[in-house]
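Each residue of the sequence shown is one higher than the one before, starting from 36 at the first, in the numbering used here. Even glycine gets a Cβ: it sits at the ideal position worked out from N, Cα and C. What follows is a short report on a single structure.
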Amino acid sequence: MIGFNGGLIGVNKSDRGNPRTGVQTQREQELAIRLPTGGDTISIITVGAFVYRVHTFTTVTTSSLVVPAGLVIPVEYLVIAAGGGSKSEYGGGGGAGGYRCLVSGESSGGGANGDSKLILTGGSYTVTVGGGNAGANGSDSVFSTITALGGGRGGSGPGGSSQTAATGGSGGGGGPSTIQPTGASGTANQGYGGGSGAATNNATAGGGGAGGAGANASGTTGGAGGSGVSSSINGTPTTRGVGGKGANQNEGNPVAGTANTGNGAQGSYAGTAGVTAAGGSGIVIIRYLL
36 MIGFNGGLIG VNKSDRGNPR TGVQTQREQE LAIRLPTGGD TISIITVGAF
86 VYRVHTFTTV TTSSLVVPAG LVIPVEYLVI AAGGGSKSEY GGGGGAGGYR
136 CLVSGESSGG GANGDSKLIL TGGSYTVTVG GGNAGANGSD SVFSTITALG
186 GGRGGSGPGG SSQTAATGGS GGGGGPSTIQ PTGASGTANQ GYGGGSGAAT
236 NNATAGGGGA GGAGANASGT TGGAGGSGVS SSINGTPTTR GVGGKGANQN
286 EGNPVAGTAN TGNGAQGSYA GTAGVTAAGG SGIVIIRYLL
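Written out as structure tokens, the structure is:
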């Protein structure tokens with residue numbers, strides 16, 4: 036069984052395969068029938084003296100992490116929602132998806148020092164990977180009791196397509212001065228707010244990021260998207276949760292965020308009427324000690 040400290044009782048390091056190649060020993064293969072299941076990929080990594088099993092969920096859907104009966108497992112996790120979208124016709128950058136992290140030495144979004152501890156026992160735990168939505172807020176990502184909120188859409192206009200920047204995990208950036216210029220706020224412990232559009236001209240603001248606020252537009256220069264946060268939960272340092280860049284005056288259509296990053300969509304100045312872009316989809320990563 037797995038004890039309270041997360042280690043496999045009765046497994047010595049000599050019984051373990053190569054954590055860098057993922058090659059398992061016969062002992063590990065026998066134990067695998069009593070380990071949790073679920074995820075698009077399962078890998079084994081080493082961090083210093085510790086060996087972890089890592090479940091990564093990347094498909095935009097709702098599934099489960101299933102823990103066999105009799106197991107008690109403290110887990111570390113990274114839950115990122117989808118980023119906010121943006122529209123043509125003076126769209127601000129989309130806000131990053133909410134960023135919730137519990138990994139030793141790492142931060143959650145919004146400057147938080149870490150998230151709620153989570154200990155799993157036998158049963159099935161919901162995992163939802165949020166998808167981006169064109170021109171709208173991103174969808175939430177969920178792991179058990181942990182919910183990361185979708186990033187806020189960027190503000191845009193004119194006329195009938197005008198919309199305010201929206202709050203979310205991180206807030207959307209504002210449009211230009213005369214068209215919904217005010218950036219939206221982020222959510223505490225998940226992300227920061229978006230910037231505001233230019234006081235003159237038509238540049239748009241950056242969406243908020245997990246690691247910093249979106250920048251205001253200035254004159255004809257769009258605001259930078261807020262910074263993301265780096266995590267090494269899967270053994271590779273990766274920055275995610277970056278706010279969408281605002282558009283410079285005369286830039287074209289909005290640009291979608293990268294999949295499985297929770298990044299916000301890049302804004303636009305004018306472009307083709309009615310064109311929209313989605314924020315990057317979210318991701319859920321869970322690991323525990325072997």
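In terms of Cα proximity to GLY105, the closest of SER98, PRO71, GLY120 is PRO71.
Exclusion of the five residues before and after GLY317 leaves ILE115, ALA116, ALA117, GLY132, VAL164, GLY165, SER176, GLY297 as the residues of its chain whose Cβ lies within less than 6 Å of its Cβ. In this model, SER212 and PHE85 are separated by some 53 Å (Cα to Cα). Here the stretch 278 to 295 lies against the stretch 230 to 242, with 3 or more beta-carbon pairs under 8 Å apart. Checking the DSSP bridge columns, you'll see VAL95 has no partner listed. Per DSSP, GLY157 is one residue of the beta strand (DSSP E) stretching across 153 to 163.
In the three-state reduction of the DSSP assignment, GLY314 falls in the coil class, being assigned neither a helical nor a strand state. Rounded to whole angstroms, ASN224 and GLY185 show a C-alpha spacing of 13 Å. A straight-line Cα-Cα distance of about 11 Å links GLY120 and SER191. When DSSP states are grouped into helix, strand and coil, GLY229 belongs to the coil group.
Under the DSSP definition of a beta bridge, LYS122 partners with THR311.
The distance from the Cβ of GLY226 to that of ALA245 is about 5 Å, consistent with a contact at the 8 Å cut-off. In the DSSP assignment, the residues bridged to PRO109 are ILE154. With a contact defined as Cβ atoms closer than 8 Å, ASN251 and TYR304 miss out at about 16 Å.
SER143 counts as buried, since no fewer than 16 other beta carbons sit within 10 angstroms of its beta carbon. Under the DSSP definition of a beta bridge, TYR304 lacks any partner. According to DSSP, residue pairing for THR81 in a beta bridge involves VAL86. Short of 7 Å from the beta carbon of ASP75, and not among the five residues preceding or following it, lie these beta carbons of its own chain, in chain order: THR91, PHE92, THR93, THR94.
Among the bridge pairs identified by DSSP, GLN198 is matched with SER191.
A Cβ-Cβ distance of about 42 Å is found for the pair ALA308 and GLU141, leaving them out of contact under the 8 Å criterion. Relative to SER267, the option among ILE108, VAL310, LEU324, SER139 whose CA is nearest is SER139. Just so you know, the alpha carbons of TYR134 and THR293 end up roughly 15 Å apart. The beta-carbon separation of GLY249 and GLY128, rounded to 6 Å, stays under the 8 Å limit for a contact.
Under DSSP, ILE181 forms a beta bridge with PHE178. Listed in chain order, the non-local C-beta contacts of THR97 below 6 Å within the same chain comprise THR163, local neighbours out to five positions each way being set aside. In this structure, the alpha-carbon of ILE214 lies about 15 Å from that of GLY254. Between the beta-carbon of VAL101 and that of SER159 there is about 5 Å, and that keeps the pair under the 8 Å contact cut.
For the pair VAL264 and THR273, the Cα-to-Cα distance works out to about 8 Å.
For VAL264, the uninterrupted beta strand (DSSP E) run begins and ends at 264 to 266, by DSSP.
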